[in-house]
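Each step along the sequence shown adds one to the number in the numbering used here, with nothing skipped, and position 273 is 273.
C-beta: ideal position from N, C-alpha, C; glycine also.
Input: a single structure, listed below in structure tokens.
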Amino acid sequence: MFFPVSKLLGFFALPSNAVMVLGLVGLVLMATRWARLGRGLVVASLVLLAVFGWSPLGNALLVPLEARFAPFRDDGRPIAGIVILGGATTPDVAAARDEVVLNEAAERMTAAAALALRHPEARVIHSGGDASFVFGGGNESDSALRLLRDLGLPAERLVPEDRSRNTVENAAFTKAIAQPKPGERWLLVTSAYHMPRSIGVFRQAGFAVEPYPVDWRTVGPSDALRPFATLGDGLRRTDTAMREWVGLVVYWLTGRSSDLFPGPRPGCDLGRADNCRP
């Protein structure tokens, strides 16, 4: 039940979708006795579209998410496993073209492959199934594991977790596969902006992971003042950031995350699962 509800709420949580719905409602009302209200909604939707698309709002929302966890510093200690969250491939196009197709989150795959090659002792689990709601999008793990093999990782090190449709299922299903032991060191690879929500969910599931953020979208705080040159770029960035902030609140309110805004907690992130939960 949580998955379809989250998809529905997620649609309206995206500013671009909400603004367009607002404008369309306004257009419909303009043909009724509430025409004045309709005109107001249309004007409001145009103003909001400009703010969300051209202003620095998207970057301002994304910067604190990306700054929450510092880049990983390899101290040479052994790593038991690497968990790669899905979201870097486009499975429907990959299936149609019989090729691995990466999107703008490609570093989740490329950085994880480089990490795994540096640590040949680590198991590698890719977590991601078919997250589509209406149209079948194909399974992410199929093309993800194909890419990892092409990049030089032995097939025997690679484990697919191909059932998950969201971050909550990522944590639960991956933990069941990994069966992490106390003191083992597991790294979690995902986009920097997605790391706070991911860490909160994994902590709540009792799976101690160290953050390995990749795929930064901003240069830092200075981007919070930099407007976008195109409406599409700004809307995409605002949607990405707002999805995370709404997800953080919803996951925390529904008990699926350990904190409202998870941050570094060394006792948990260094393999002490007993300290991961609130």
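Three-state class that DSSP yields for residue i in the structure shown
i, result
"Thr174", "helix"
"Gly183", "coil"
"Leu153", "coil"
"Thr190", "strand"
"Leu158", "strand"
"Val63", "helix"
"Gly138", "coil"
"Val219", "coil"
"Gly81", "strand"
"Ala70", "coil"
"Ser257", "coil"
"Thr32", "coil"
"Phe11", "helix"
"Ser164", "coil"
"Gly58", "helix"
"Arg146", "helix"
Classification of residue i by the beta-carbon crowding that lies within 10 angstroms, buried from 16 upward
i, result
"Gly58", "buried"
"Leu158", "buried"
"Ala302", "An answer regarding residue 302 cannot be provided, because it is not within the stretch 1 to 278 covered by the chain."
"Asn103", "exposed"
"Phe173", "buried"
"Leu225", "exposed"
"Glu121", "exposed"
"Thr254", "exposed"
"Gln204", "buried"
"Arg256", "buried"
"Arg108", "buried"
"Ser222", "exposed"
"Leu117", "exposed"
"Glu156", "exposed"
"Arg217", "buried"
Given residue i as reference, the closest of the options once Cα atoms are compared
i, options, result
"Asp233", "Leu48, Phe52 and Ala35", "Phe52"
"Val293", "Arg108, Leu27, Phe202 and Val249", "Outside the modelled stretch of the chain, which goes from 1 to 278, sits residue 293, for which no answer is possible."
"Ala229", "Ala50, Gly23, Ile177 and Arg39", "Ala50"
"Leu246", "Ser143, Thr110 and Tyr193", "Per the sequence shown, the amino acid found at residue 246 is Val instead of Leu. For the residues Ser143, Thr110 and Tyr193, the minimum Cα distance to Val246 belongs to Tyr193."
"Ala23", "Val43, Ala112, Ala155 and Thr190", "One point to set straight first is that residue 23 is Gly, not Ala, in the sequence displayed. Minimum Cα distance to Gly23 is reached at Val43."
"Asp259", "Leu14, Glu107, Ser198 and Gly152", "Ser198"
"Phe176", "Phe207, Leu147, Glu156 and Leu188", "A quick correction: the sequence has Ala, not Phe, at residue 176. Comparing Cα positions, the closest option is Phe207."
"Leu153", "Gly183, Ala178 and Ala111", "Ala111"
"Ala18", "Ala60, Pro262 and Asp239", "Asp239"
"Leu147", "Glu99, Arg77, Trp186 and Pro227", "Glu99"
"Ala67", "Ile82, Asp142, Tyr212 and Val250", "Tyr212"
"Arg163", "Pro71, Gly129, Lys181 and Ala171", "Gly129"
"Leu41", "Pro56, Ala105, Met20 and Leu145", "Met20"
"Leu115", "Asn139, Leu151, Gly26 and Pro262", "Leu151"
"Pro56", "Leu231, Trp216 and Val214", "Leu231"
"Leu9", "Leu188, Asn139, Glu244 and Ala178", "Glu244"
"Leu14", "Leu48, Leu27 and Ala35", "Leu48"
"Arg237", "Leu29, Pro180 and Trp54", "Trp54"
"Ala80", "Ile125, Ala94, Val214 and Leu37", "Ile125"
Extent of the continuous beta strand (DSSP E) run through residue i
i, result
"Pro213", "Glu210 to Val214"
For residue i, the first and last residue of its enclosing alpha helix (DSSP H)
i, result
"Pro15", "Pro15 to Leu29"
"Ser45", "Ala35 to Trp54"
"Ile199", "Met195 to Gln204"
"Asp233", "Leu231 to Leu253"
Residue i CB to nearest heavy atom of the ligand HEM below 6 angstroms
i, result
"Asn170", "What this structure holds is no ligand at all, so the ligand HEM is not there to describe."
### Message
Just to confirm the assignment: which complete alpha helix (DSSP H) runs, minimum length 4, are found wholly within the region 85 to 131?
### Response
91 to 97 and 107 to 118
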